[in-house]
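Q: This is the structure I have questions about; it appears just below.
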Amino acid sequence: MTAQTPAGGPLPPMTDGPHDPEHDPRASYALEPEYVAALTRRIVASSGRTAEVFSPLNGQPIAHVPQSTPADVAEAFARARRAQESWARTPLAERAAMLLRLHDLVLDRQEEILDLIVWESGKARKHAFDEPGHIALTARYYGRTAEQHLGTRRVPGIVPALTRVETHHVPKGVVGIISPWNYPFTMALCDGLPALLAGNAVVAKPDAQTMLSALFGAQLLEEAGLPADLWQVVAGPGPELGPALVDGADYVCFTGSTATGRIIAQQCAERLIGCSLELGGKNPILVLRDADIEKAAEGAVRGSFSNAGQLCVSMERMYVADQVYDRFVDRFVARTEAMSLGASLGWGVDMGSLISQQQLDAVTAHVDDAVAKGARVRTGGRARPDLGPYFYEPTILEGVTPEMTCFGHETFGPVIALYRFHEESEAVARANDGEYGLNAAIYSQDGNRARALARRIKCGTVNINEAFSATFGSIAAPMGGMRQSGMGRRQGAEGVLRFTETQSVGTQRLIRIAPMLGMSGELYAKVMTANLRLLKKLGRP
Ligand code: NAD
18 MTAQTPAGGP LPPMTDGPHD PEHDPRASYA LEPEYVAALT RRIVASSGRT AEVFSPLNGQ
78 PIAHVPQSTP ADVAEAFARA RRAQESWART PLAERAAMLL RLHDLVLDRQ EEILDLIVWE
138 SGKARKHAFD EPGHIALTAR YYGRTAEQHL GTRRVPGIVP ALTRVETHHV PKGVVGIISP
198 WNYPFTMALC DGLPALLAGN AVVAKPDAQT MLSALFGAQL LEEAGLPADL WQVVAGPGPE
258 LGPALVDGAD YVCFTGSTAT GRIIAQQCAE RLIGCSLELG GKNPILVLRD ADIEKAAEGA
318 VRGSFSNAGQ LCVSMERMYV ADQVYDRFVD RFVARTEAMS LGASLGWGVD MGSLISQQQL
378 DAVTAHVDDA VAKGARVRTG GRARPDLGPY FYEPTILEGV TPEMTCFGHE TFGPVIALYR
438 FHEESEAVAR ANDGEYGLNA AIYSQDGNRA RALARRIKCG TVNINEAFSA TFGSIAAPMG
498 GMRQSGMGRR QGAEGVLRFT ETQSVGTQRL IRIAPMLGMS GELYAKVMTA NLRLLKKLGR
558 P
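According to the numbering used here, the sequence shown holds residues 18 to 558 in order.
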């Protein structure tokens, strides 16, 4: 297991001595300060304060990020609101064309995007690629389905032929987006694309650690032709800016922890505005007795250790059929032990760093607690400071029991617990245990049986013979959590309609919907009753 520099050679060792550019990466900036300043200039910030951000790869400083105040958030909303008025009148086809241009730009500029993501998050480049990939898929899907989702529709009126009714999707106005650090490019952008398509403006508050990836997304939107001021970015601690963001918004999109999601939901309820919440999970993976063992082991590695497990839809509990348990676990452990870990901007590593000391502490605490209470470590189970400040090995545990923290609480790290099951109904019941309901996976060679089982699992997405990408990468498929894993859905029709108010316009012709020509109320009721019976007979909805 080796650490590599962007060029592929070893990174300079971390030292605690004086900062010396030759020996200590913390003595020089990871990115050109002018390049960083060109990005951070987009932040609406007047406090004069900055927050210094360091790379989890090697501790090198990346940026001094200007900090916004609640008044700056209000100013961002005022600018966005002015810009939104004309955007809402821009033809839908033009708004869709902007998304399709963004699609091309994201693919063309992916190397720059990947560098930013890796510097800010420390993840492996191959996991970073999922982000521009997801934005390209999202931009294409919404760019191509704009009319299908947002076009004006004729619907049946109360009096056939004489009542004409149309429904329109009116933009909510300005959408507030609060996003986390784990997928800093796509989580900052992906909800905003359908919001823009629907005619809204956006005020985004990305996580403090990963502002540059999010700001680069804002720059690409502008290069794709998004009018100035429609996408505002503010920076600062969530608890400090959150209330101002909810106060200014007509709708809020939040991705992050369940605890913060509850706070946002309460604040939105107070203002009677809608919100969608994409929250945590404790996602189960089921390996049935007829699973292709090699395929399941490969999928389990990706499902558990992508982005070092800091992925809302990644797997943390695995239920394996008794008949294949030993064979499967041997292959899963062997594949895990063959992974290369490293701090690198290159493609050569299978898993990168955790993002912060806080994440490293949380993962270490979960594993140490489990081991102290009797869990067995099949592989991994320790930090790797030799690779970078926050590295932790991909870890497989057995013998995890309900009194251990990692049994039911989200670890959000590269740790998975294995359990045997005897009957499939028992596996389903255990998968449905707990408070979450985000994502599940089933490995089986019998697609019909697996799909039938999927219907019994209380999760917003279920992937068969894949861990999460089959649903998450299919943008027509709504994605989100049941139970404590969230409210609302991103992607698909729900993913764009949440940013609109539906307006119905009815036009009545020739007759009124009331007694006419001296007709009594009683006679009118009789005529209407006969009509109602007839329309049902004719099959009218
Ligand atoms: P977090 O809730 O602490 O932070 C997420 C965002 O919310 C950050 O931008 C943060 O600054 C902001 N924030 C924090 N407190 C706030 C407050 N009081 N008011 C307003 N904003 C506030 O979450 P995190 O620990 O950074 O992210 C990891 C969590 O996110 C995990 O639980 C993970 O499962 C979840 N997640 C879910 C999805 C999904 O799609 N369901 C995707 C990614 C991450």
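Positions of the beta carbon are idealized from the N, C-alpha and C atoms, including for glycine.
Would you kindly work out how many angstroms separate the C-alpha atoms of Leu552 and Ile528, rounded to a whole number?
A: Here the question's residue 552 lines up with position 535 in the sequence shown. Here the question's residue 528 lines up with position 511 in the sequence shown. Their Cα atoms are separated by approximately 18 Å.
Q: Does the beta-carbon of Ser442, which I'm using as the reference point, lie nearer than 6 Å to any heavy atom of the ligand NAD?
A: Translated into the one-based positions of the sequence shown, residue 442 becomes position 425. Outside the cutoff, so no.
Q: Given a cut-off of 7 Å on the beta-carbon distance, is the pair Leu4 and Ala110 in contact?
A: Nothing can be reported for residue 4, as the shown portion of the chain is limited to 18 through 558.
Q: Helix, strand or coil: how does DSSP classify Ile281 here?
A: As a first step, residue 281 is located in the sequence shown; it is residue number 264 there, counting from the start. Three-state result, Ile281: helix.
Q: Beta-carbon of Thr412 versus every beta-carbon of chain B: anything under 7 Å?
A: Here chain B cannot be found, since the structure has a single protein chain.
Q: Could you compute how far the alpha carbon of Thr275 sits from the alpha carbon of Pro177?
A: Locating residue 275 in the sequence shown gives position 258, where the first residue counts as 1. Locating residue 177 in the sequence shown gives position 160, where the first residue counts as 1. Near 48 Å, if we compare the C-alpha coordinates of Pro177 and Thr275.
Q: Do Ile134 and Phe202 have their C-beta atoms closer together than 7 Å?
A: Counting from 1 along the sequence shown, the entry for residue 134 is found at position 117. Counting from 1 along the sequence shown, the entry for residue 202 is found at position 185. Yes, these two residues count as a Cβ contact at 7 Å.
Q: Just to confirm, does Thr488 get its C-beta within under 6 Å of one of the non-hydrogen atoms of the ligand NAD?
A: As a first step, residue 488 must be located in the sequence shown, where it is residue number 471. Outside the cutoff, so no.
Q: Can you tell me where the alpha helix (DSSP H) with Leu56 in it begins and where it stops?
A: If you number the sequence shown from 1, residue 56 lands on position 39. Start and end: 50-57.
Q: Suppose the cutoff is 6 Å on Cβ atoms and the five residues either side in sequence are ignored; what does the same chain contact list for Ala24 look like?
A: Taking the sequence shown and counting its residues from 1, one reaches residue 24 at position 7. At Ala24, the pLDDT of 39 sits below 50, so the modelled position is not reliable; the number obtained from the coordinates is stated separately. Cβ neighbours of Ala24 beyond the five flanking positions: none.
Q: How long is the line joining the alpha carbons of Ser442 and Ser486, rounded to whole angstroms?
A: As a first step, residue 442 is located in the sequence shown; it is residue number 425 there, counting from the start. As a first step, residue 486 is located in the sequence shown; it is residue number 469 there, counting from the start. Spanning the two alpha carbons is a distance of roughly 25 Å.
Q: Looking at the ligand NAD, does it come within less than 6 Å of Ile280, judged from the CB to the closest heavy atom?
A: For this step, residue 280 is matched to residue 263 along the sequence shown. At least one heavy atom of the ligand NAD is nearer than 6 Å to the Cβ of Ile280, so yes.
Q: Taking all protein chains shown into account, decide if Thr8 is buried (16 or more other Cβ within 10 angstroms of its Cβ) or exposed.
A: Examination of residue 8 is not possible in this model, given that the chain is present from 18 through 558 alone.
Q: Which residues in the same chain as Ile459 place their Cβ atom closer than 7 Å to its Cβ, once the five residues preceding and following it in sequence are excluded?
A: Indexing the sequence shown from 1 puts residue 459 at position 442. Leu303, Leu305, Ala467, Leu470, Ala471, Val479, Ile481, listed in sequence order.
Q: When you measure from the CB of Leu167 to every non-hydrogen atom of the ligand MG, does any distance come out below 6 Å?
A: In the structure shown, the ligand MG is absent; the only ligands present are the ligand NAD.
Q: Curious, which full-length alpha helix (DSSP H) runs of at least 4 residues does the stretch 219-250 contain?
A: Counting whole runs of 4 or more residues, the stretch 219-250 contains the alpha helix (DSSP H) stretches 228-240.
Q: Check Ser442 in the structure and name its three-state DSSP category.
A: Walking along the sequence shown from the start, residue 442 turns up at place 425. The answer is helix: DSSP assigns Ser442 an H, G or I state.
Q: Using CA atoms only, rank isn't needed, just tell me which of Arg98, Ser103, Thr155 is closest to Leu117.
A: Taking the sequence shown and counting its residues from 1, one reaches residue 117 at position 100. Ranking Arg98, Ser103, Thr155 by Cα distance to Leu117 puts Thr155 first.
Q: Beta carbon of Ala218, beta carbon of Gln101: below 7 Å?
A: The residue labelled residue 218 in the question sits at position 201 within the sequence shown. The residue labelled residue 101 in the question sits at position 84 within the sequence shown. Taking 7 Å as the Cβ cut-off, Ala218 and Gln101 qualify as a contacting pair.
Q: For the stretch 406-422 and the stretch 377-397, state whether three or more C-beta atom pairs, one from each stretch, are separated by less than 8 Å.
A: Taking 8 Å as the limit for Cβ pairs, the verdict is that the stretch 377-397 does touch the stretch 406-422.
Q: So, under 8 Å CB-CB, Ala95 and Gln84 are touching, yes? Tell me the CB distance rounded to an integer number of Å.
A: As a position in the sequence shown, residue 95 is number 78, starting the count at 1. As a position in the sequence shown, residue 84 is number 67, starting the count at 1. Wrong, their Cβ atoms sit about 19 Å apart, outside the cutoff.
Q: In angstroms, rounded to a whole number, what distance separates the CA positions of Thr519 and Glu539?
A: Against the sequence shown, residue 519 aligns to sequence position 502. Against the sequence shown, residue 539 aligns to sequence position 522. Between Thr519 and Glu539, the C-alpha separation is close to 35 Å.
Q: For Ser64, which three-state DSSP category applies?
A: Translated into the one-based positions of the sequence shown, residue 64 becomes position 47. If DSSP states are grouped into helix, strand and coil, Ser64 belongs with coil.
Q: Please report the distance separating the alpha-carbon of Thr422 from that of Ala282.
A: As a working note, residue 422 is residue 405 in the sequence shown. As a working note, residue 282 is residue 265 in the sequence shown. Approximately 26 Å between the Cα atoms of the pair.
Q: Between the stretch 45-62 and the stretch 71-89, can you find at least three pairs of beta-carbon atoms closer than 8 Å?
A: Contact holds: three or more Cβ-Cβ distances are below 8 Å.
Q: Check this for me: beta carbons of Phe349 and Ala387, under 7 Å apart or not?
A: Locating residue 349 in the sequence shown gives position 332, counting from the first residue. Locating residue 387 in the sequence shown gives position 370, counting from the first residue. Cβ atoms of Phe349 and Ala387: not closer than 7 Å.
Q: Which residue spans inside the stretch 89-176 form an unbroken alpha helix (DSSP H) run of at least 4?
A: Taking only runs of at least 4 residues, the alpha helix (DSSP H) segments lying wholly in the stretch 89-176 are 109-125, 127-138, 142-145, 147-161, 163-167.
Q: The ligand NAD heavy atoms versus the CB of Glu452: any closer than 6 Å?
A: On the sequence shown, position 435 is the one that residue 452 refers to. No - the ligand NAD has no heavy atom lying nearer than 6 Å to the Cβ of Glu452.
Q: For the ligand NAD, I want to know if Thr272 counts as a neighbour, meaning its beta carbon is within less than 6 Å of at least one of the ligand's heavy atoms.
A: As a working note, residue 272 is residue 255 in the sequence shown. Yes.
Q: Under the assumption that Leu247 contacts Leu213 (Cβ atoms under 8 Å), give the Cβ distance between them as a whole number of angstroms.
A: On the sequence shown, position 230 is the one that residue 247 refers to. On the sequence shown, position 196 is the one that residue 213 refers to. With 8 Å as the limit, Leu247 and Leu213 qualify as a contact, their Cβ atoms being about 7 Å apart.
Q: Express the C-alpha separation of Arg550 and Val187 in angstroms, rounding to a whole number.
A: Working through the sequence shown from its first residue, we reach residue 187 at position 170. Working through the sequence shown from its first residue, we reach residue 550 at position 533. Straight-line Cα distance between these residues: approximately 35 Å.
Q: Does DSSP put Met368 in a helix, a strand or coil?
A: Your numbering for residue 368 matches position 351 in the sequence shown. Three-state DSSP puts Met368 in a strand.
Q: Reducing DSSP to helix, strand and coil, say where Phe202 ends up.
A: The residue given as residue 202 occupies position 185 in the sequence shown. Of the three classes helix, strand and coil, the one that applies to Phe202 here is coil, per DSSP.
Q: So what does Ala400 bridge to, in DSSP terms?
A: Here residue 400 refers to the residue found at position 383 of the sequence shown. Paired residue(s): Tyr409.
Q: Evaluate Asn199 with the Cβ neighbour count: other Cβ atoms within 10 Å of its Cβ, from every protein chain shown; 16 or more gives buried, anything less gives exposed.
A: Along the sequence shown, one-based indexing puts residue 199 at 182. Asn199 comes out buried.
Q: For a minimum of 3 consecutive residues, which ranges assigned as the beta strand (DSSP E) are wholly contained in the stretch 448-476?
A: Whole beta strand (DSSP E) segments, 3+ residues: 456-460.
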